[in-house]
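The structure under discussion appears below in the form of structure tokens.
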Ligand SMILES: Cc1ncc(C[n+]2csc(CCOP(=O)(O)OP(=O)(O)O)c2C)c(N)n1
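Numbering (my numbering), first residue to last: 37 to 679.
Here is the structure:
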């Protein structure tokens, strides 16, 4: 069947049985590709039938279908001209693991972060109404994503303002781990209330009472009622806030799905269709372990085992260290925004269930909650991925920093994360956090230093941010110097007089490699592990700059407002003349997917590119007059040259 599908219109030629066969083909194809490339397997296997039904009933090239998070769009990509390209999924220059308007007009909006789809869809629906246009707008959102504040804000607005659109609630009872919260309790009730299934309430009467729905569709509804177990539940949450609720419906039954979707198209007001799916459907390892298969690296299809061996990661160290410290200090609590396993808190949750809070995909609430805990004497630790910290920016400023509250903000997946691409790269956190008064910003050079920083953070009293990358330290990084962490002090790792290399976090390893190579050529580099981006160790840094007059900065963040900016500002503020500066950082752009190594190489941030660029610069430096009075700053990726 898959061979017969080259474009979405081909779906119209298939009967239900053929579509069911197609669903099985698509499943096999997705499993095969994800087993090689890695990806969001379980979520994709859960929506194969839903996508087929949706794209049969709606016209993806005219109607607007917004996929929340967007990690579940592999079937959509296959149906919309990217069957072959799916083999390049998440690869450098390949297709993305999320919807991209740049890939196809059928991807009508870019997503990646959770809980945005209802807001975006309702915006499109409003524009359609204002322009008297005629198309349907659909948001497809999971029960996990529905816990996010933005989704709840949008529900509140759309129901009340009676904006015609359809929300498809893809309820598989899972976020990445088990779904949590009151919304999940409500959905559980809706799933299991047999009473309503057998309801003898006449669909005709209910529909006629619903404003905006007239007689013409009653016939259709009566037809649909026979095939859908439960049609409308009166007096329940979604109805009360202004939606027509349809369902629940079996999300793996294409015929029932098509019927209910056709019905929703005719309802002239906000409609929510409750679709029940199984995460990982059709692949037993993913069905049994949907959290492990939510996002997985390459794996063996036969036994479901991941191919790449897992090494000790920064997230693991966080979990272990916090478990150890929490035994001694009862004030320590941990909060996750639906990322217990990813952030290393699985063991903490088991060992200290009363001190562990999974608040749903709710980063803003997580930080607000932490502020409350801290204000009355607890020590909250909040590990969140760098790109998701963007969600909680105001809470960090307004609820934490102004009152100088002791919240430990652990910024996981800082720097390049790789395959998830633009929406997930953690390159902005240093820039946006550096602006905030009262916060401390640290980054460890290796796992041991990370452990020391966590301990330091527990006994410091104030807002503190520790950023660290995905995975573990570099395989080759054997670093034995570990000076005590002292507030606002950097760590001098190598003394030299020819060039000062200032590096932060994982980039310190590269600085050490470069220094070692330069030494072989008779160049003596001074290496400073900056440790604190804020407050910067100005005294040590200025001393080194005055000595070498040649500055290199290396960071895995954006060129704007990170380490490069901090040190360049220092040079200007202190009126240090005749300095040559090389800034290695990511340019002012969004960075697409690829492996971390490929991306670092592309942006000249791998150790060999750094070394070559410095060497070339050193050669030119020989001709550079010591008496010149201007500084010479080169931002490596911007190809910008400021004298
Ligand atoms: C703001 C934000 N926080 C966290 C994530 C990480 N994340 C990706 S998918 C997901 C769970 C989504 O659950 P659900 O919406 O139910 O979809 P499912 O995968 O179960 O189909 C999470 C927490 C994210 N994408 N965006």
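Cβ atoms here follow ideal geometry from the backbone N, Cα and C, with glycine treated the same way. Values in this document were obtained by computation on a predicted structure and should not be read as measured data.
Is the beta carbon of residue i within less than 6 Å of some heavy atom of ligand 1?
i, result
"residue 211", "yes"
"residue 208", "yes"
"residue 397", "yes"
"residue 181", "yes"
"residue 427", "yes"
"residue 498", "no"
"residue 79", "yes"
"residue 149", "yes"
"residue 300", "no"
"residue 404", "no"
"residue 216", "no"
"residue 653", "no"
"residue 178", "yes"
"residue 424", "yes"
"residue 105", "yes"
"residue 374", "yes"
By DSSP's criteria, residue i is part of a beta bridge. Which residues make up the other side?
i, result
"residue 503", "447"
"residue 681", "Only positions 37 to 679 of the chain appear in the structure, and residue 681 is not among them; the question remains open."
"residue 616", "586 and 668"
"residue 422", "In DSSP, residue 422 forms no bridge with anything."
"residue 286", "312"
"residue 206", "178 and 311"
"residue 416", "369"
Quick one: Cα of residue i to Cα of residue j, how far?
i, j, result
"residue 333", "residue 568", "33 Å"
"residue 213", "residue 49", "38 Å"
"residue 160", "residue 381", "39 Å"
"residue 627", "residue 272", "44 Å"
"residue 335", "residue 342", "4 Å"
"residue 173", "residue 191", "15 Å"
"residue 97", "residue 91", "10 Å"
"residue 42", "residue 117", "6 Å"
"residue 377", "residue 388", "15 Å"
"residue 181", "residue 86", "17 Å"
"residue 119", "residue 113", "7 Å"
"residue 616", "residue 559", "16 Å"
"residue 208", "residue 82", "8 Å"
"residue 154", "residue 193", "10 Å"
"residue 269", "residue 100", "Note that residue 269 has pLDDT 49, beneath the 50 cutoff, so the model's placement of it is unreliable and the number below is only indicative. So the alpha carbons of these two residues sit roughly 27 Å apart."
"residue 360", "residue 347", "20 Å"
"residue 143", "residue 102", "8 Å"
"residue 681", "residue 581", "No statement about residue 681 is possible, as the shown extent of the chain runs from 37 to 679 and does not include it."
"residue 593", "residue 462", "7 Å"
"residue 77", "residue 498", "41 Å"
"residue 61", "residue 84", "10 Å"
"residue 421", "residue 491", "20 Å"
"residue 115", "residue 187", "27 Å"
With 16 other CB atoms within 10 Å as the buried threshold, where does residue i fall?
i, result
"residue 295", "buried"
"residue 321", "buried"
"residue 221", "exposed"
"residue 441", "buried"
"residue 238", "Since pLDDT at residue 238 reaches only 38, below the 50 mark, its modelled position is unreliable, and no value is offered."
"residue 137", "exposed"
"residue 303", "buried"
"residue 40", "exposed"
"residue 166", "exposed"
"residue 424", "buried"
"residue 485", "buried"
"residue 357", "buried"
"residue 198", "exposed"
"residue 611", "exposed"
"residue 413", "exposed"
"residue 575", "exposed"
"residue 163", "exposed"
"residue 523", "exposed"
If residue i sits next to residue j, beta carbons under 8 Å apart, how far is it from one beta carbon to the other, in whole angstroms?
i, j, result
"residue 476", "residue 494", "Their Cβ separation, rounded to whole angstroms, is 13 Å, which puts residue 476 and residue 494 out of contact at 8 Å."
"residue 631", "residue 330", "No, residue 631 and residue 330 are not in contact; Cβ-Cβ is about 20 Å, not under 8 Å."
"residue 564", "residue 577", "7 Å"
"residue 394", "residue 216", "5 Å"
"residue 400", "residue 426", "With a Cβ gap of about 11 Å, residue 400 and residue 426 do not count as contacting."
"residue 145", "residue 457", "Rounded, the Cβ-Cβ distance is 15 Å, inconsistent with contact."
"residue 312", "residue 286", "6 Å"
"residue 481", "residue 404", "Not a contact, Cβ separation roughly 32 Å."
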